[in-house]
Amino acid sequence: MPTFDIVTIFPAMIEAPLAAGILGRAIDRGVLEVRVRDLRDFTTDRHRVVDDVPYGGGPGMVLKPEPIFRALDAIEADRGTPLTVVMTTPQGRRFTQPEAQALSGRSHVVLLCGRYEGFDDRVRSRVTDELSIGDYVLTGGELPALVILDAVARFVPGVVGDEQSVAEDSFSRGLLDFPQFTRPAAITGDRSLGSEVLSVPDVLVSGNHAEIRRWRKREALRRTLERRPELLDGAALDEEEREMLRELREAAKHEIEN
Ligand code: ADE
């Protein structure tokens, strides 16, 4: 299981979320090891300056390379090598569930949080992975680092109570989740819709586990086909699922024709 170091100029943005929830509990129990490093602790000047104006001019500020190099040296001295050094940036490769699983197999993962106009490009000489959490621009890399940590930590044994739920996570197999319900089996919905009764599908209260399993498989496929059909190209489907998918596609075709 990897150790994690998060390098940031806003430690509180990382520490507060890590004090609560499933990750907070995992840290308290010692199954997850995360250390937050304040980049300013690796400056050498009185004002603890971490950024400077860009060469060539232009707006904004650029994170200086030396404090980051010193932070990486310190982490290497503490943790040993090899360090996986992840830079969060909108220019990075898209972070996905397979990327999360791959990172969970590394020994030490460092997350470098960007700020301002980004990093001095020479920092990339010490970076192993540049990752983006999506096609939008955030004010900094702290939220992306937390997103990456959360998704990777789910694969660390003991973090999520039920290991099987992580492995069987439909997204791990390249599909969206099937719909879930809990008690009561019937409730009255929105009054503006004439107080219609909202019921749980009969099959789920039937107690027929073989039928429930098939229903869940089909609904996961139906949702994926309707909402994210491109995921089906990379999904690991068994024979039963491939047959269900053929039926769902056939049904959708008839719906369009009629
Ligand atoms: N920094 C700013 N925006 C980002 C994004 N979308 N992903 C990763 N790092 C970022």
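Under the numbering used here, the first residue of the sequence shown carries the number 243, and numbering increases by one thereafter.
Idealized CB from N, CA, C, for every residue including glycine.
What you are looking at is a predicted structure, and each value in this text was computed from that prediction instead of being measured.
Give the C-beta separation of residue i and residue j to the nearest angstrom, bearing in mind that I take them to be a contact with Cβ-Cβ under 8 Å.
i: L373; j: F420; result: Contact flag wrong, Cβ pair sits at about 29 Å.
i: V398; j: L274; result: 6 Å
i: T250; j: V278; result: 7 Å
i: V369; j: V327; result: 5 Å
i: G382; j: C355; result: 6 Å
i: Y505; j: D293; result: Because the chain here runs from 243 to 500, residue 505 falls outside it and cannot be looked at.
For a quick check, are the C-beta atoms of residue i and residue j less than 8 Å apart?
i: T331; j: G360; result: yes
i: L353; j: A393; result: no
i: V442; j: T430; result: no
i: A268; j: A409; result: no
i: V365; j: P296; result: no
i: T466; j: L391; result: no
i: R415; j: A477; result: yes
i: A313; j: F284; result: yes
i: I248; j: V291; result: no
i: G459; j: E483; result: One detail in the question is off: residue 459 reads as Lys in this sequence, not Gly. Yes.
i: R464; j: L490; result: yes
i: L281; j: P309; result: yes
i: Q339; j: F252; result: no
i: L325; j: H289; result: no
Would you mind reading off the limits of the beta strand (DSSP E) that contains residue i?
i: L380; result: Careful: L380 lies outside any beta strand (DSSP E) and carries neither H nor E.
Give the range of the alpha helix (DSSP H) segment to which residue i is assigned.
i: L314; result: P307 to R321
i: P332; result: Note, P332: premise wrong, no alpha helix (DSSP H); beta strand (DSSP E) at L325 to R336.
i: L353; result: Segment H350 to L354 is the beta strand (DSSP E) holding L353; no alpha helix (DSSP H) there.
i: E341; result: Q339 to L345
query: Fully enclosed by the segment 244-270, which beta strand (DSSP E) runs are 3 residues long or longer?
result: 245-250
Continuous beta strand (DSSP E) assignments of at least 3 residues falling wholly in the segment 410-494: 428-430 and 439-441
- prompt: Which whole runs of the beta strand (DSSP E) in the segment 271-302 are 3 residues long or more, in chain order?
  reply: 276-280
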